[in-house]
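Okay, structure first, notes after.
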Amino acid sequence: MILELAVVAQLAARCAPSIAIETLAAVMRTESGFQPFALGVNGPGGGTILPETREAAVALATDLIFRQGRSVDLGLMQVNSGNLRALGLTVAEVLDPCTNLAAGARILREGYAMASRGEADPQQALRVAFSRYNTGHPERGFANGYVRRVQGAAEVVVPAIRLRGEAAAAPQRPAATPVPELPDDDPDAPPEWDVWARATHASRPRLVAVPRKASTASGGAEGATPTEPPRTAE
105 MILELAVVAQ
115 LAARCAPSIA
125 IETLAAVMRT
135 ESGFQPFALG
145 VNGPGGGTIL
155 PETREAAVAL
165 ATDLIFRQGR
175 SVDLGLMQVN
185 SGNLRALGLT
195 VAEVLDPCTN
205 LAAGARILRE
215 GYAMASRGEA
225 DPQQALRVAF
235 SRYNTGHPER
245 GFANGYVRRV
255 QGAAEVVVPA
265 IRLRGEAAAA
275 PQRPAATPVP
285 ELPDDDPDAP
295 PEWDVWARAT
305 HASRPRLVAV
315 PRKASTASGG
325 AEGATPTEPP
335 RTAE
């Protein structure tokens with residue numbers, strides 16, 4: 105089961121409004137490919153499992169985590185099972201798409217806050233936040249290719265989301281009325297890189313994708329707490 109981008113955008117706006125829709129969509133595409141019940145089993149013999157239903161995903165994840173002692177990344181944002189206690193969530197709760205998005209957004213926000221304290225360049229702080237989200241470390245997500253993959257995903261989802269928004273708005277424009285050209289920059293808006301601040305400034309905040317580099321395979325780290333950023337795997 106793969107969620108359509110329109111559904112993803114609606115979920116992101118409703119369940120994690122503090123982060124730009126495009127930012128969350130890029131992370132989701134990288135993490136789970138928009139598969140709401142995806143299970144990423146870490147360690148030897150692991151891999152990705154794609155149950156058809158939430159009930160099946162909950163049963164399988166519960167067995168893997170509590171009976172087999174495996175580290176499992178869960179749902180759209182691939183929230184690691186090692187985070188559940190700190191987040192105050194059960195396996196069943198985190199496999200609810202809305203709850204999963206909110207949990208992943210919390211981890212991503214806290215990773216960004218940590219990165220901002222040690223990084224003067226805001227765009228680089230955003231990249232470091234992605235690295236922390238994947239590995240819990242400010243550098244390993246660069247080394248394993250994860251940051252590049254999120255940037256590449258943004259180049260795909262950002263235009264698609266903007267195009268969808270323009271298509272939805274187009275019928276409302278009078279056909280005979282010329283549309284004035286307005287400057288792209290809103291003088292009162294936060295900077296383009298600040299996707300969290302922009303999320304509260306506009307209903308459709310943007311993430312400007314940074315230049316894409318050659319991608320490599322991404323790895324993943326096991327659990328972390330929300331205050332010691334996350335961990336996801338493919």
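So my numbering is basically just the index in the sequence shown, starting at one, shifted up by 104.
Backbone N, C-alpha and C define an ideal beta-carbon position, used for all residues, glycine too.
Segment contact: the stretch 105-112 against the stretch 184-195, fewer than three CB-CB distances shorter than 8 Å; contact not assigned. Contiguous beta strand (DSSP E) elements confined to the stretch 110-167 occur at 143-145 and 151-153, taking only those with 3 or more residues.
The straight-line gap separating the alpha-carbon atoms of Q227 and S220 is approximately 10 Å. Cβ neighbours of G149 within its own chain (closer than 6 Å, five residues either side excluded): none. Across the structure, V162 and L199 are spaced so that their CA atoms are roughly 7 Å apart. Between the alpha carbons of T134 and I169 lies a distance of about 23 Å. Taking 8 Å as the upper bound for CB-CB distance, L180 and F234 are not in contact here, some 16 Å apart.
The beta-bridge partner set that DSSP reports for L230 is empty. Scanning its chain for C-beta atoms nearer than 7 Å, with the 5 sequence neighbours on each side dropped, one finds around L128 the residues A116, A120, L205 and A209, in chain order. Counting along the chain, the unbroken alpha helix (DSSP H) around L188 starts and ends at L188 to L191. As DSSP reads the structure, D177 sits in a beta bridge with G144 and N184. A Cβ-Cβ contact shorter than 8 Å links R174 with V145. Between N187 and I153 a beta carbon distance of about 19 Å is seen, past the 8 Å cut, so the two are scored as non-contacting.
The Cβ atoms of R158 and F141 lie closer than 8 Å to each other.
For G249, the secondary structure class from DSSP, reduced to helix, strand or coil, is coil. Contact check for P242 against V251 fails: the beta carbons are separated by 8 Å or more. Across the set R236, C202 and P201, the C-alpha of R236 shows the shortest separation from the C-alpha of A217.
Note on E214: 16 or more other CB atoms within 10 angstroms of its CB, so buried under the neighbour-count rule. The Cβ atoms of A165 and L178 lie closer than 8 Å to each other.
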